[in-house]
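Enquirer:
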Amino acid sequence: MLDKMSDDEIVLVEYLSHNRGSHKVVGASTKRFLGYRSGGDRFYIPRADLRAMSNMFREISSIVDEPKDVEKPPTPPPLPIEAPQPVSETAGNFANVSKFITETAEPAPMEFRPALLAGVTPDIEKNLLAAGRNTPELIIDLGKDGLLTIKGVGEIRADAILQSAKAYLDALEETGGEDAEAD
């Protein structure tokens, strides 16, 4: 349709309809189908239809001014790059900090929670804490029969909890933890 017209015969317009949604638009002069359009759409139409329907279309080229040749501002010179300090000057500072940290910092003791043991779910942990079993030693003292009385613990889970509690204490002894010193 519009592709067979010369550039002088078509114009870019904005559709000024106040109707909601897209609807069929037909040129008043050419009787050509211009597509399904909504108010505010921009598209090309024959110049004859613009003249016949000037209340429905606004020519875009008359709204937008042609860009003028604007002189570009000169490019600023590049910023100077500061040379990095030699490694020997900065390395001493980090060595002192590292020495201070290793001499003064003590690892925070890890607080035991029954949930740290294999097989202990949040519900089982609540039940163990309610029964006063808040250390690995107290859990081991319960034994398999005692663990079976805790709601949610079956035979397989009781074995896993006991094995995990013993492994926890062994690891604590190897690292010299606080609980190991109490023994």
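Add 2 to the 1-based position in the sequence shown for our numbering, that's all there is to it. Backbone N, C-alpha and C define an ideal beta-carbon position, used for all residues, glycine too. Source: prediction; values computed, not measured.
Can the beta-carbon of Asp-10 be found closer than 7 Å to that of Gly-29?
Expert: For Asp-10 and Gly-29, no; Cβs fall outside 7 Å.
Enquirer: Using three-state DSSP, classify Lys-163 as helix, strand or coil.
Expert: For clarity, residue 163 is Ile in the given sequence; the question names Lys instead. Looking at Ile-163 - three-state DSSP - the assignment turns out to be helix.
Enquirer: Please report how far the alpha carbon of Ile-163 lies from the alpha carbon of Leu-130, in whole angstroms.
Expert: The alpha-carbon atoms of Ile-163 and Leu-130 are separated by roughly 11 Å.
Enquirer: Indicate the three-state DSSP secondary structure (helix, strand or coil) for Arg-39 in the structure shown.
Expert: In this structure, Arg-39 counts as strand in the three-state DSSP scheme.
Enquirer: Secondary structure at Glu-84, three-state DSSP: helix, strand or coil?
Expert: Note: Glu-84 maps to coil in three-state DSSP.
Enquirer: Is it right to say Ala-160 is buried, meaning 16 or more other beta carbons lie within 10 angstroms of its own, or is it exposed?
Expert: So Ala-160 ends up on the buried side.
Enquirer: Rounded to whole angstroms, what is the Cα-Cα separation between Pro-48 and Pro-75?
Expert: Those two C-alpha atoms are separated by around 41 Å.
Enquirer: Per DSSP, Glu-16 is paired with what?
Expert: Glu-16 is bridged to Arg-44 and Arg-60.
Enquirer: What residue range does the alpha helix (DSSP H) around Lys-128 cover?
Expert: Counting along the chain, the alpha helix (DSSP H) containing Lys-128 begins and ends at 124–132.
Enquirer: Any idea what DSSP makes of Lys-74, helix, strand or coil?
Expert: In the structure shown, Lys-74 sits in coil (DSSP, three-state: anything other than H, G, I, E or B).
Enquirer: Ordered along the chain, which non-local residues of its own chain (more than five positions away) have a Cβ less than 7 Å from that of Lys-168?
Expert: Closer than 7 Å at the Cβ level, and outside the excluded window around Lys-168, lie Ile-142.
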